[in-house]
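What follows is a set of notes on a single structure, which appears directly below.
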Amino acid sequence: MSSAAPEGGVTVKRLHRIDERSFYVRGRCWGETAPVEALTAVTPEGERVELADQVCQLGEGAFAGRFETAFPTRGSEGWGFEARGGAGSAETPAALAPDPLRTLFADVALDPGGATELCERHLHPAITRLAELRRAGAVVAEVVDFGAAPEAPAVAIVVPLLRRVDLIEHQLAQLSADPELAGCELIYVVADPEQAELAGELASELHALYGLPFRLVSLSGPGDLPLACAQGARLARAPRLLFLGSDVLPDRPGWLAALAAALDADPALAAAAPKLLYADRRPLEATGLACFMVDRAAFEEAGGLAGDYGLGEYEASDLSRRLAAAGRELAYVPEAELLHLEGLGAAPEALAGPYARWLHERRWAGQLAEAAA
Amino acid sequence: MSDERRYRDRVDRVRAQVRATVPEGGRVLVVTRGDEALLRLGRRRGEHFPQSPTGLYAGHYPADGAGAAAHLEELREAGAQYLVVPAEASWWLEHYPELREALEGECELLAADPEAARIYALPCGLASAPPVAAGGAARAASRSVARRSRPADRGWPTPSRPAGVKRVLQVCHNHPRVRPGGAEVYAHELHRHLRAASEWEPTFLARSGPPHSPERAPEEGVRISLVEGEADEYLLHTEGLDFDWMFGTMRVRKDLYTEDLRAFLLALRPDVVHFQHTLFIGYDAIREVRRTLPGVPIVYTLHEFLPICHNKGQMVRTFDRSLCEEASARRCAECFPGIAPDEFLLRRRFIRAQLELVDLFVAPSATVRERFVEWGIPRERIMLEDYGRAPAPPPRREDAARLAPHDTLGIFGQVNPYKGFDVLLRALQALGPEAPKLRLHGANLDLQEHGFRDEIATLVAATPGVTDVGPYPPERAGEMMAAVDWVVVPSIWWENSPLVIQEAFAAGRPVICSDVGGMAEKVADGVNGLHFRVGDSESLAATIRRAVETPGLWERLREGIPPVHSMPHHAAVITAAYESLLGARQLEAVA
Chain G
4 MSSAAPEGGV TVKRLHRIDE RSFYVRGRCW GETAPVEALT AVTPEGERVE LADQVCQLGE
64 GAFAGRFETA FPTRGSEGWG FEARGGAGSA ETPAALAPDP LRTLFADVAL DPGGATELCE
124 RHLHPAITRL AELRRAGAVV AEVVDFGAAP EAPAVAIVVP LLRRVDLIEH QLAQLSADPE
184 LAGCELIYVV ADPEQAELAG ELASELHALY GLPFRLVSLS GPGDLPLACA QGARLARAPR
244 LLFLGSDVLP DRPGWLAALA AALDADPALA AAAPKLLYAD RRPLEATGLA CFMVDRAAFE
304 EAGGLAGDYG LGEYEASDLS RRLAAAGREL AYVPEAELLH LEGLGAAPEA LAGPYARWLH
364 ERRWAGQLAE AAA
Chain P
46 MSDERRYRDR VDRVRAQVRA TVPEGGRVLV VTRGDEALLR LGRRRGEHFP QSPTGLYAGH
106 YPADGAGAAA HLEELREAGA QYLVVPAEAS WWLEHYPELR EALEGECELL AADPEAARIY
166 ALPCGLASAP PVAAGGAARA ASRSVARRSR PADRGWPTPS RPAGVKRVLQ VCHNHPRVRP
226 GGAEVYAHEL HRHLRAASEW EPTFLARSGP PHSPERAPEE GVRISLVEGE ADEYLLHTEG
286 LDFDWMFGTM RVRKDLYTED LRAFLLALRP DVVHFQHTLF IGYDAIREVR RTLPGVPIVY
346 TLHEFLPICH NKGQMVRTFD RSLCEEASAR RCAECFPGIA PDEFLLRRRF IRAQLELVDL
406 FVAPSATVRE RFVEWGIPRE RIMLEDYGRA PAPPPRREDA ARLAPHDTLG IFGQVNPYKG
466 FDVLLRALQA LGPEAPKLRL HGANLDLQEH GFRDEIATLV AATPGVTDVG PYPPERAGEM
526 MAAVDWVVVP SIWWENSPLV IQEAFAAGRP VICSDVGGMA EKVADGVNGL HFRVGDSESL
586 AATIRRAVET PGLWERLREG IPPVHSMPHH AAVITAAYES LLGARQLEAV A
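See the structure below:
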């Protein structure tokens, strides 16, 4: 990749693989003021792909977008890009870079003010495809039960673990003192396979010390937080699910009963969310999956968690809206207070934030406008 | 399915079958090839069969059937109640006919699953326990196990004891023989006193290992061993580097609690467990006691603010050594900018969760009690009770009542940045050539950082009239104090109930101390000592001048010294508290 700015040349800033026939590129044709007439990618196998109509022209020669090849291409080296415009033509070599999601999420910022061509036609399909691949690669690899869960649990508490598996210890220290946990099954899902072994060792020692039964689930490939929640939910037996962040601690006992009581009181309700507080006791605006109770049947009928937001912030809202479409409401239960310790580094990086917000607005624009009016 | 996965499935099935068959607390032998996973049976104690004298996997199969049967009998006599023969090991029953005969003749086959295991009840195992029921049966079973469970070669306590004798286990972070520090000296004195009294049989479990002690465990894998020459004192060997200061827990090897400590507790069966300190042991030890001995009262003495304050429990700000009035996530992160405030909230929650299992806290000073009440421990759960001191030998006649001029100062105790040695040395420098003499008795300076050690050495060298006496054995404190006129306690942290004040009073010496916390609480200004402004060497210099130069002041303050809280009196208060907790437990049990 060239970092210089040759007159009439093309610089490829990013080139990522989405799958074996689709790619994402961002770069700039230098010396161009008008849209580039011809931009060609040459795959390592020699296939020439015209990009000018496929990618998004961002002005002043800049371009970004997803493109497809006719034939599968597997190599990461040996790519070439040619631009031909008023300023002449030149070819630039390029190679695939790792971590496509990072680029895709960052590039949402290139599409400011909702000029959605880049998001709609390029980023969204690319991210959706990567999410599909990720889901397919992160199935349940192992389930270990530490102690026996109650015969007929009332609630399945599903806790996804990202990076900080040591938080199991802190949560057990709190939860084991809570008598209501006796009626729950507790399911920890390790989202990162590299942490699975450590989690397993820790879980065994902690179970011996705390005695609270729980189940430890590990995945076959790297999963994000909502994916870990979804996999945990599939293993649950209880009629209610409670998604709980590993960095969330109950402020005082009674929270679980308060959430359950809200659902018991009104059959129109399918989900309940508590009041979440920061360490300094300021309330959070939205709870996301940090603490969200939902009726399992309604959850399954509504299609479960959306797999393409990636962050854990919008899935609960998205689910609530689908539940609402089926006539089931969400209860806000401020009597149930929990602390959300975001500073512990157990939440995913916020890279996906702008994209998730865009996607959420795209899906629910009508309802959001209604709510605002 | 891979062989590995299949084997794991089988292990899981065996464990599930054992859980379904054997009551909690049962002691279970499992025929293994050394796989510890087969021994993880939740609340049942899994052991290898065959096993070494220390309970490890023997490393080889029994030579023949008679050997296998004899080994089973030996372990049964030592308390084993069940034998699990996993399907993989079913060949044992054919290969060792004597073992099969013993199992078929004397033992009851409780469960048999060709996909999992055969589980036998060994005679006297089930017979001594009531029929399988909920918690009560489990506890009864585990009690009968513990009575016979420990191999004698570990030198562990025997469960037999005279009727009416109750056991208290004290847990301390250090043995005073290794490092004399206030809390451990006191705790050990209490232990010795209880040993001499008849109604309570005390056991002292002191943590040992780096950094306090360079000594390690006597042999690899042994984490609890007898103190040489003592029958009721044990060392708990932990690795200082494994200790997580932030959360007060062992970062790795938590089986310290669930294996070693659990086995010790089950062997000892104390009636009360009294934690004196959990540094380098971990608050988790409290949880282990509660889990393994659910009905046993837990007492915890508060020696400083370690649960509240990450700065070595001093409640002193890290950046300017000013006194801290209140811990909060935000303020703690100001002291430790590299640690997120949320981590401090997590710390507080974690430690609180463990301390909530304590039945009674003992606060030697109101200073400490109030801080812990503010931090969230219910006031009614904290008993205010000062340290008691063993009677000191009477001072020599020439030292008992010193004649004027009263111009010799003494400073005693640990030298660390919070003890104010520098404040005193600077005060003496300010007094110039007229300054009184100082006898300096400092301990454990070697545990401090080089910069601080150098600072103290430079100050000592630059201050005239200082005699650096060095550390002293705790039992000679009285004698050392009697050789000075005034004992100075210039700490810049709050202090709790400094033993040095009690020692000074026992020796008949008025105290000059900082005007805060436990010092101001224990020394009455103008009655039995003098206060100066904390951390202020000029204020201390003026106070020293007044002390030395005011005629009759020393004699008057000496008259105002209260009687020392004696160990017999203190021990009576502490054991009465034990009794009261036991009584409350019995009432609960009846209700």
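So the protein lines, in turn, are chains G and P.
Each residue of the first sequence is one higher than the last, beginning at 4 in this note's numbering.
Each residue of the second sequence is one higher than the last, beginning at 46 in this note's numbering.
Beta carbons: idealized from backbone N, C-alpha and C, even for Gly.
1) For C380 of chain P, which of P:R603, P:D277, P:D365, P:H495 has the nearest alpha-carbon?
2) At a Cβ threshold of 9 Å, is L286 of chain P touching chain G?
3) Keeping to the same chain, check which residues put their C-beta closer than 6 Å to that of K211 of chain P; ignore five residues upstream and five downstream.
4) How many Å lie between D148 of chain G and V468 of chain P at the Cα?
5) Determine the closest residue to L342 of chain G out of P:E388, P:G383, P:P382, P:I384, with distance taken between C-alpha atoms.
6) Which chain G residues are close to T303 of chain P, counting only those with a beta carbon under 8 Å from its beta carbon?
7) Can a CB atom of chain G be found closer than 9 Å to the CB of P382 of chain P?
8) Could you list the residues in the region 307 to 326 of chain P with a C-beta less than 8 Å from some C-beta on chain G, going in chain order?
9) Give me the residue from P:H451, P:F292, P:T303, P:V341 with the minimum Cα distance to F395 of chain P.
10) If you measure from the beta carbon of A398 of chain P to each beta carbon in chain B, is any gap under 9 Å?
11) How is E94 of chain G classed by DSSP in three states: helix, strand or coil?
12) Taking Cβ-Cβ distances shorter than 9 Å, what residues in chain P pair up with G369 of chain G?
13) Determine whether the Cβ of D57 of chain P lies closer than 9 Å to any Cβ atom of chain G.
14) Using a C-beta to C-beta distance shorter than 7 Å, which residues of chain G count as neighbours of P386 of chain P?
15) For S223 of chain G and G71 of chain P, what's the separation of their Cα atoms in angstroms?
16) Along chain G, in chain order, which residues have C-beta atoms closer than 8 Å to that of D329 of chain P?
17) Kindly give me the distance between the Cβ atoms of V73 of chain P and R89 of chain P, rounded to whole angstroms, as I take these residues to be in contact under 8 Å.
18) Considering only heavy atoms of the ligand COA, does any lie closer than 8 Å to the CB of A592 of chain P?
19) Anyone know if the C-beta pair for A551 of chain P and R434 of chain P falls short of 9 Å?
20) If we require 4 or more residues per run, which alpha helix (DSSP H) segments fall completely within the region 578 to 632 of chain P?
21) Which value, in whole angstroms, describes the spacing of the CA atoms of G475 of chain P and G574 of chain P?
22) Which whole-angstrom value is the C-beta distance of T303 of chain P and L212 of chain G, which I expect to be below 8 Å?
23) Please report whether the beta-carbon of Q198 of chain G lies at a distance below 9 Å from any beta-carbon of chain P.
24) On the criterion of 16 or more Cβ atoms from any shown chain inside 10 Å, does F309 of chain P qualify as buried, or is it exposed?
25) Write down the C-beta distance between L219 of chain G and A202 of chain G rounded to the nearest angstrom, noting that I regard them as a contact closer than 8 Å.
26) My output table needs one value for P225 of chain G: the three-state DSSP class, helix, strand or coil.
27) Cα-Cα, which of P:L483, P:R375, P:W420, P:R298 is closest to V593 of chain P?
28) From R184 of chain P to H218 of chain P, what distance separates their C-alpha atoms?
29) Taking DSSP as the reference, what is the three-state secondary structure of C32 of chain G?
30) Quick check on this structure: which residue in G:A206, G:A309, G:A263 has the alpha carbon closest to the alpha carbon of P156 of chain G?
31) Is the distance from the Cβ of A355 of chain G to the Cβ of F108 of chain G below 9 Å?
32) Is there a Cβ from chain G that is less than 9 Å from the Cβ of M72 of chain P?
33) Apart from the five residues on each side of it in sequence, which residues of its chain come closer than 8 Å, Cβ to Cβ, to E120 of chain G?
34) With C-beta atoms as the reference, is R124 of chain G less than 9 Å away from A73 of chain G?
35) Assuming I21 of chain G is part of the beta strand (DSSP E), what are its boundary residues?
36) Name the chain G residues that come within less than 9 Å of R332 of chain P, Cβ to Cβ?
So, from the data block:
1) Start at 1 with the first residue of the second sequence, and residue 380 of chain P comes out as number 335. The shortest C-alpha separation from C380 of chain P is found at P:D365.
2) Along the second sequence, one-based indexing puts residue 286 of chain P at 241. At a cut-off of 9 Å between C-beta atoms, L286 of chain P does not count as an interface residue with respect to chain G.
3) As a first step, residue 211 of chain P is located in the second sequence; it is residue number 166 there, counting from the start. Residues of the same chain with a CB within less than 6 Å of the CB of K211 of chain P, apart from the 5 flanking positions on each side, are W245, D316 in chain order.
4) As a first step, residue 148 of chain G is located in the first sequence; it is residue number 145 there, counting from the start. As a first step, residue 468 of chain P is located in the second sequence; it is residue number 423 there, counting from the start. Each residue's CA atom was taken as its position, placing D148 of chain G and V468 of chain P some 59 Å apart.
5) For the purposes of this step, residue 342 of chain G is taken as residue 339 along the first sequence, with counting starting at 1. Relative to the Cα of L342 of chain G, the nearest Cα in the group P:E388, P:G383, P:P382, P:I384 belongs to P:E388.
6) In the second sequence, counting from the first residue as 1, residue 303 of chain P sits at position 258. The contacting residues are E208, A211, L212.
7) Here residue 382 of chain P is taken as the residue at index 337 of the second sequence, counted from 1. It does not; no Cβ of chain G falls within 9 Å.
8) Cβ contacts with chain G come from no residue of the region 307 to 326 of chain P.
9) Taking the first residue of the second sequence as 1, we reach residue 395 of chain P at position 350. For the residues P:H451, P:F292, P:T303, P:V341, the minimum Cα distance to F395 of chain P belongs to P:F292.
10) Checking the listed chains, one finds no chain B in this structure; the protein chains it contains are G and P.
11) Along the first sequence, one-based indexing puts residue 94 of chain G at 91. E94 of chain G falls in the strand class under three-state DSSP.
12) Residue mapping note: residue 369 of chain G aligns to position 366 of the first sequence, counting from 1. Result: empty, since nearest Cβ-Cβ is about 38 Å, beyond 9 Å.
13) Position 12 of the second sequence, counted from the start, is the residue given in the question as residue 57 of chain P. By this cut-off, D57 of chain P is an interface position.
14) Position 341 of the second sequence, counted from the first residue, corresponds to residue 386 of chain P. Annotation: Cβ neighbours of P386 of chain P in chain G (cutoff 7 Å, chain order): A282, G346.
15) In the first sequence, counting from the first residue as 1, residue 223 of chain G sits at position 220. In the second sequence, counting from the first residue as 1, residue 71 of chain P sits at position 26. Cα to Cα, the separation comes out at about 37 Å.
16) In the second sequence, residue 329 of chain P corresponds to position 284, counting from 1. Within chain G, the residues near D329 of chain P are L212.
17) Counting from one through the second sequence, the residue named residue 73 of chain P turns up at place 28. Counting from one through the second sequence, the residue named residue 89 of chain P turns up at place 44. Their Cβ separation, rounded to whole angstroms, is 5 Å, which keeps V73 of chain P and R89 of chain P in contact under 8 Å.
18) Absent from the structure shown: the ligand COA. Ligands present: none.
19) The count along the second sequence starts at 1 and reaches residue 551 of chain P at position 506. The count along the second sequence starts at 1 and reaches residue 434 of chain P at position 389. R434 of chain P is positioned such that its CB atom lies closer than 9 Å to that of A551 of chain P.
20) Every alpha helix (DSSP H) of 4 residues or more that sits fully in the region 578 to 632 of chain P is shown, in chain order, as 582 to 594, 598 to 604.
21) Against the second sequence, residue 475 of chain P aligns to sequence position 430. Against the second sequence, residue 574 of chain P aligns to sequence position 529. Residue identity check: residue 475 of chain P is Ala in the sequence provided, not Gly. One alpha carbon belongs to A475 of chain P, the other to G574 of chain P, and they sit about 21 Å apart.
22) Locating residue 303 of chain P in the second sequence gives position 258, counting from the first residue. Locating residue 212 of chain G in the first sequence gives position 209, counting from the first residue. Their Cβ separation, rounded to whole angstroms, is 5 Å, which keeps T303 of chain P and L212 of chain G in contact under 8 Å.
23) For this step, residue 198 of chain G is matched to residue 195 along the first sequence. Cβ-Cβ to chain P under 9 Å: no for Q198 of chain G.
24) Residue mapping note: residue 309 of chain P aligns to position 264 of the second sequence, counting from 1. It is buried - the Cβ of F309 of chain P has at least 16 other Cβ atoms within 10 Å.
25) Residue 219 of chain G sits at position 216 when you count from the first residue of the first sequence. Residue 202 of chain G sits at position 199 when you count from the first residue of the first sequence. Correct: roughly 6 Å between the Cβ atoms.
26) Taking the first residue of the first sequence as position 1, residue 225 of chain G is located at position 222. Reduced to three states, the DSSP call for P225 of chain G is coil.
27) Position 548 of the second sequence, counted from the start, is the residue given in the question as residue 593 of chain P. Checked all of P:L483, P:R375, P:W420, P:R298; the closest Cα to V593 of chain P is P:L483.
28) Numbered from 1 along the second sequence, position 139 holds the residue referred to as residue 184 of chain P. Numbered from 1 along the second sequence, position 173 holds the residue referred to as residue 218 of chain P. Summary for R184 of chain P: the model assigns pLDDT 29, below 50, so the residue's position carries little reliability; its value from the coordinates is reported in the next sentence. Rounded to the nearest angstrom, the two C-alpha atoms are 29 Å apart.
29) Residue mapping note: residue 32 of chain G aligns to position 29 of the first sequence, counting from 1. Of the three classes helix, strand and coil, the one that applies to C32 of chain G here is strand, per DSSP.
30) Locating residue 156 of chain G in the first sequence gives position 153, counting from the first residue. Put simply, of G:A206, G:A309, G:A263 the residue whose alpha carbon is nearest the alpha carbon of P156 of chain G is G:A263.
31) On the first sequence, position 352 is the one that residue 355 of chain G refers to. On the first sequence, position 105 is the one that residue 108 of chain G refers to. Cβ atoms of A355 of chain G and F108 of chain G: closer than 9 Å.
32) Position 27 of the second sequence, counted from the first residue, corresponds to residue 72 of chain P. At residue 72 of chain P the sequence reads Arg, which differs from the Met that was named. Chain G, which has no Cβ nearer than 9 Å to the Cβ of R72 of chain P, makes this no.
33) Translated into positions along the first sequence, residue 120 of chain G becomes position 117. The residues are C59, D114.
34) As a first step, residue 124 of chain G is located in the first sequence; it is residue number 121 there, counting from the start. As a first step, residue 73 of chain G is located in the first sequence; it is residue number 70 there, counting from the start. For R124 of chain G and A73 of chain G, no; Cβs fall outside 9 Å.
35) The residue you call residue 21 of chain G lines up with position 18 of the first sequence. I21 of chain G -> beta strand (DSSP E) spans 13 to 22.
36) Looking up residue 332 of chain P in the second sequence gives position 287. Within chain G, the residues A176, S179, L212, Y213 have their CB atoms less than 9 Å from the CB of R332 of chain P, given in chain order.
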